[in-house]
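A.B. asks: One structure follows; several queries about it will come next.
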Amino acid sequence: MAPVSKSSTTEGLPVAPALEAAHVPQRATRVDRRVVQMTFVAVLIALVAGVIAQGLAHLIDLITNIAFYGRFALTPVSPAGHQLGIFVLFVPVVGGILVGFMARYGSKSIRGHGIPEAMEQVLINQSRIPARMAFLKPISAAIAIGTGGPFGAEGPIIATGGALGSVVGQLLKTTADERKILLSAGAAAGMSATFGSPVSAVLLAIELLLFEFRPRSFIPVALASVTAAAVRMGFVGAAPAFAMPELAQPAGAAIASYIFLGAAVGVVSVYITRAVYAIEDGFEHLPIHWMWWPALGAVAVGVIGYAVPRTLGIGYENIEEILSGEITGQALVILFTFKFISWAVSLGSGTSGGTLAPLFTIGGGLGAALGSATLFLFPHIGLDVRVAALVGMAAIFAGASRALLASVVFAFETTMQPLGLLPLLGGCTAAYLVSSLLMKHTIMTEKIARRGVQVLTEYTVDSLAQTLVRESASYPAVSLKADMTVEQVRSWVALDLPESRHQGFPILDPEGRLIGVLTRRDLFDPNIPVTTPLRELIKRPPAVVFEAHTLREAADLMVEEDIGRLPVITRSHPSKVVAMLTRSDLLLAHRKRLEEAHQMQQSIRWGKGPSASG
Numbered sequence: 001m002a003p004v005s006k007s008s009t010t011e012g013l014p015v016a017p018a019l020e021a022a023h024v025p026q027r028a029t030r031v032d033r034r035v036v037q038m039t040f041v042a043v044l045i046a047l048v049a050g051v052i053a054q055g056l057a058h059l060i061d062l063i064t065n066i067a068f069y070g071r072f073a074l075t076p077v078s079p080a081g082h083q084l085g086i087f088v089l090f091v092p093v094v095g096g097i098l099v100g101f102m103a104r105y106g107s108k109s110i111r112g113h114g115i116p117e118a119m120e121q122v123l124i125n126q127s128r129i130p131a132r133m134a135f136l137k138p139i140s141a142a143i144a145i146g147t148g149g150p151f152g153a154e155g156p157i158i159a160t161g162g163a164l165g166s167v168v169g170q171l172l173k174t175t176a177d178e179r180k181i182l183l184s185a186g187a188a189a190g191m192s193a194t195f196g197s198p199v200s201a202v203l204l205a206i207e208l209l210l211f212e213f214r215p216r217s218f219i220p221v222a223l224a225s226v227t228a229a230a231v232r233m234g235f236v237g238a239a240p241a242f243a244m245p246e247l248a249q250p251a252g253a254a255i256a257s258y259i260f261l262g263a264a265v266g267v268v269s270v271y272i273t274r275a276v277y278a279i280e281d282g283f284e285h286l287p288i289h290w291m292w293w294p295a296l297g298a299v300a301v302g303v304i305g306y307a308v309p310r311t312l313g314i315g316y317e318n319i320e321e322i323l324s325g326e327i328t329g330q331a332l333v334i335l336f337t338f339k340f341i342s343w344a345v346s347l348g349s350g351t352s353g354g355t356l357a358p359l360f361t362i363g364g365g366l367g368a369a370l371g372s373a374t375l376f377l378f379p380h381i382g383l384d385v386r387v388a389a390l391v392g393m394a395a396i397f398a399g400a401s402r403a404l405l406a407s408v409v410f411a412f413e414t415t416m417q418p419l420g421l422l423p424l425l426g427g428c429t430a431a432y433l434v435s436s437l438l439m440k441h442t443i444m445t446e447k448i449a450r451r452g453v454q455v456l457t458e459y460t461v462d463s464l465a466q467t468l469v470r471e472s473a474s475y476p477a478v479s480l481k482a483d484m485t486v487e488q489v490r491s492w493v494a495l496d497l498p499e500s501r502h503q504g505f506p507i508l509d510p511e512g513r514l515i516g517v518l519t520r521r522d523l524f525d526p527n528i529p530v531t532t533p534l535r536e537l538i539k540r541p542p543a544v545v546f547e548a549h550t551l552r553e554a555a556d557l558m559v560e561e562d563i564g565r566l567p568v569i570t571r572s573h574p575s576k577v578v579a580m581l582t583r584s585d586l587l588l589a590h591r592k593r594l595e596e597a598h599q600m601q602q603s604i605r606w607g608k609g610p611s612a613s614g
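So in UniProt numbering, the last one in the sequence shown is 614, and the numbering has no gaps at all.
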């Protein structure tokens, strides 16, 4: 750390020359010029990601037209209306073969649904994603989806945007934190450009990629997300992704039913997650190379697509019709049941595709079915089946991914139905609760956790950052005079007094001003003549900490300076050492926090309430 100036350290008060060069903890700046620079870069990434998102959508349309209708066109079309008959069985298999070859000879990382892979790069690879992922992922996904794969385009676009942000970060020689921000900005831009949901895209980035909530992180991500949403508006307009009839204000009984419905969907989300990974485990035991697994999984896609054509492709139109109440009864149950089977088998085979659209179809259909059953049994509670579908759509994603806030806001942004917010919050929270109780990892983190990577899903303020130095330092400081000789100090230590048992001592000049710090190792070095004055043993300016600094800032300085103790000074008298802060003091602060938490748990366990410990 560079030495600080006299004015920044002492506020103009006279100090010893050594203290003028002292190293002190640097205050963390929330927003600075570097944040502005990263924001500018993030916005540029979002502009490109927004265009890529539209390009991927057109590429999927092109491949769909070629594969199912034999025409070269960019017209948006669903594969469900094909006239291929039994030959439809072979279309997904061809797509699976192509994806398998791309994965083996291009990059194995294109396999999967995108978000877990991006999370893994953030957690274990300092947010470094190979440049080839920026084009291999969207192309492989377009092939898989365009040939009938039951996936959404959002996962690959999120992964592509994240790869773009990571590559730009590597080219600009950024830090790991800055690359993570640019990766998250690109990912959020991809989601925003797909669904026109900028707020939920930011929340998704915070909940699944950033692993933090700081202004210097979410400002670039938020502006990137807004930029991508504007790009989408320029291409397709501002209409919501899923048009839905106007909703009425739900009554109390209906809200309660939506909460219970969300809890039921949460249970299903747990078993859906387990089923996907059980199928993936099954493919792992096959005696053939993994390159052929996508083609094998595509057999199930083709068979189910032949029987239930609506399961083929992205199926955004299915989601819209479910939310509008146009698909009901047996057709509804068949759709979400077979969509799940087709998606789970295909995804478990390791092909390239997203999870959001299939989960929304499954959850929306399940919610509508449960809502219809509830309305039949309890017709007077005022339940709206369309709201039940909306809650189911969001709750299944909240339960499977545990991105609670992103799920709630996404359902609102993609339908623009503000009266659905209260049922959404209740239902998604219930699903989140059930999922947290029944499942340790999520559909996003299970694969990473199996590789031994610890995934943080809870964000709390560092206890060291909440505790000031003055609350933990050892008062008063036991200091030594600079004119003392080594022999005098050793004789004093030999007395074994309580104050002589410390491992380090601040050294003061005749005026009582700090000039350095010496440890027992320095003082008992056998190569030093015993007549040497202490001032001659000091090799560098001291590192000091103010009483008003936090323990986190002090701990960081200890690591940077490779020392185990810091003299504590005050801003009113910066020349005077008032205390010493050691690594033991830091550990003691941790111990106090743990003891308080333990006492609280004991109080709750014995039913004494929070006040029992105090």
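A virtual CB, placed ideally from N, CA and C, is assigned to each residue, including glycine. From a predicted model like this one, the values you see are computed outputs, not experimental measurements.
Opposite Ser-352 in the DSSP bridges: which residues?
C.D. replies: Answer is Gly-112.
A.B. asks: Assuming the contact rule is C-beta atoms closer than 8 Å, Glu-154 and Ala-357 should be a hit. Round their C-beta distance to whole Å, please.
C.D. replies: Rounded, the Cβ-Cβ distance is 7 Å, consistent with contact.
A.B. asks: If contacts are defined as beta-carbon pairs under 8 Å, then Ala-394 and Ser-472 qualify, I think. What distance do you get, rounded to the angstrom?
C.D. replies: About 45 Å; that fails the 8 Å criterion.
A.B. asks: Looking at Gly-364: is its Cβ nearer than 9 Å to the Cβ of Ala-389?
C.D. replies: Cβ distance < 9 Å, so Gly-364 and Ala-389 count as in contact.
A.B. asks: In whole angstroms, what separates the C-alpha of Glu-547 from that of Val-568?
C.D. replies: Taking the straight line joining both Cα atoms gives about 6 Å.
A.B. asks: Using 9 Å as the threshold, is the C-beta distance between Leu-594 and Leu-551 below it?
C.D. replies: No, they are not a contact pair.
A.B. asks: On a Cα-Cα basis, can you pick out the residue from Thr-415, Ala-224, Gly-367 that is closest to Thr-328?
C.D. replies: Closest by alpha carbon: Gly-367.
A.B. asks: Check whether the Cβ atoms of Pro-130 and Ser-109 lie closer than 9 Å to each other.
C.D. replies: Going by C-beta atoms, Pro-130 is nearer than 9 Å to Ser-109.
A.B. asks: Tell me the rounded alpha-carbon separation between Thr-194 and Pro-294.
C.D. replies: Whole-angstrom Cα-Cα distance: 25 Å.
A.B. asks: Would Pro-542 be called buried (16 or more neighbouring beta carbons within 10 Å of its own) or exposed?
C.D. replies: It is buried - the Cβ of Pro-542 has at least 16 other Cβ atoms within 10 Å.
A.B. asks: Roughly how many angstroms lie between the CA atoms of Leu-323 and Arg-591, to the nearest whole one?
C.D. replies: Approximately 52 Å, taken between the alpha carbons.
A.B. asks: Just grab the DSSP bridge partners of Leu-425 for me.
C.D. replies: Leu-425 pairs with nothing; no bridge assigned.
A.B. asks: Contact check, Leu-518 vs Ile-507 under 8 Å by CB: the rounded distance?
C.D. replies: Correct: roughly 6 Å between the Cβ atoms.
A.B. asks: Within this structure, are the beta carbons of Ala-46 and Ala-256 separated by less than 9 Å?
C.D. replies: No, the Cβ-Cβ distance between Ala-46 and Ala-256 is not below 9 Å.
A.B. asks: What does the alpha-carbon distance come out to for the pair Ser-78 and Ala-53?
C.D. replies: Taking the straight line joining both Cα atoms gives about 18 Å.
A.B. asks: Assess contact between the region 161 to 177 and the region 57 to 65, defined as three or more Cβ pairs (one per stretch) separated by less than 8 Å. Is contact present?
C.D. replies: Too few Cβ pairs lie closer than 8 Å, so no.
A.B. asks: Give the range of the beta strand (DSSP E) segment to which Thr-582 is assigned.
C.D. replies: Segment 577 to 582, the beta strand (DSSP E) holding Thr-582.
A.B. asks: Within this structure, are the beta carbons of Val-88 and Gly-302 separated by less than 9 Å?
C.D. replies: Cβ atoms of Val-88 and Gly-302: closer than 9 Å.
A.B. asks: Starting from the Cα of Ala-73, find the closest Cα among Ala-67, Val-577, Leu-62 and give me that residue.
C.D. replies: Ranking the options by Cα distance to Ala-73, first place goes to Leu-62.
A.B. asks: Classify Ile-86 as helix, strand or coil using the three-state DSSP reduction.
C.D. replies: Ile-86: helix per DSSP, three-state reduction.
A.B. asks: Mapping DSSP to helix, strand and coil, what is Leu-390?
C.D. replies: Three-state result, Leu-390: helix.
A.B. asks: Can you tell which of Trp-290, Thr-160, Ser-575, Asp-281 has the C-alpha that lies nearest to the C-alpha of Ala-103?
C.D. replies: Comparing Cα positions, the closest option is Trp-290.
A.B. asks: Applying the 10 Å Cβ sphere with the 16-neighbour rule, what's the burial state of Thr-227?
C.D. replies: By the neighbour-count rule (16 or more Cβ atoms within 10 Å), Thr-227 is buried.
A.B. asks: Please check the pair Glu-250 and Gly-382, which I expect to be a contact at CB under 8 Å, by giving their CB distance rounded to whole angstroms.
C.D. replies: First, the residue type needs correcting, since residue 250 is Pro and not Glu in the sequence shown. About 7 Å separates the two Cβ atoms, so the contact holds.
A.B. asks: Anyone know if the C-beta pair for Ala-431 and Ala-406 falls short of 9 Å?
C.D. replies: Not in contact: Ala-431 and Ala-406 (Cβ atoms no closer than 9 Å).
A.B. asks: With a threshold of 16 other CB atoms inside 10 Å of the CB of Gly-504, please say whether the residue is buried or exposed.
C.D. replies: So Gly-504 counts as buried.
A.B. asks: In chain order, what residues of the same chain have a beta carbon less than 6 Å from the beta carbon of Thr-273, not counting five sequence neighbours either side?
C.D. replies: Counting only Cβ-Cβ distances below 6 Å, and skipping sequence neighbours, we find Ala-400, Ile-443.
A.B. asks: Between the beta-carbon of Leu-199 and the beta-carbon of Leu-210, is there less than 9 Å?
C.D. replies: One detail in the question is off: residue 199 reads as Val in this sequence, not Leu. Not in contact: Val-199 and Leu-210 (Cβ atoms no closer than 9 Å).
A.B. asks: Going straight from the alpha carbon of Arg-232 to that of Gly-196, what length do you get?
C.D. replies: Their Cα atoms are separated by approximately 7 Å.
A.B. asks: Give me whichever residues DSSP pairs with Lys-481 in a beta bridge.
C.D. replies: Looking at the DSSP assignment, Lys-481 forms a beta bridge with Leu-508.
A.B. asks: Name the residue from Met-439, Val-578, Glu-326 whose alpha carbon lies nearest to the alpha carbon of Tyr-271.
C.D. replies: Cα-wise, what sits closest to Tyr-271 is Met-439.
A.B. asks: If distances are taken between C-alpha atoms only, which option among Gly-325, Lys-339, Glu-284 comes closest to Pro-309?
C.D. replies: Nearest C-alpha to Pro-309: Lys-339.
A.B. asks: Distance check for Pro-379 and residue 689, CA to CA, integer angstroms please.
C.D. replies: With the chain covering only 1 through 614, there is no way to say anything about residue 689.
A.B. asks: Please report how far the alpha carbon of Leu-514 lies from the alpha carbon of Ser-474, in whole angstroms.
C.D. replies: The alpha-carbon atoms of Leu-514 and Ser-474 are separated by roughly 17 Å.
A.B. asks: Would you identify the three-state DSSP class for Ala-543, choosing helix, strand or coil?
C.D. replies: Strand at Ala-543.
A.B. asks: Is DSSP giving Ile-314 helix, strand or coil here?
C.D. replies: In the structure shown, Ile-314 sits in coil (DSSP, three-state: anything other than H, G, I, E or B).
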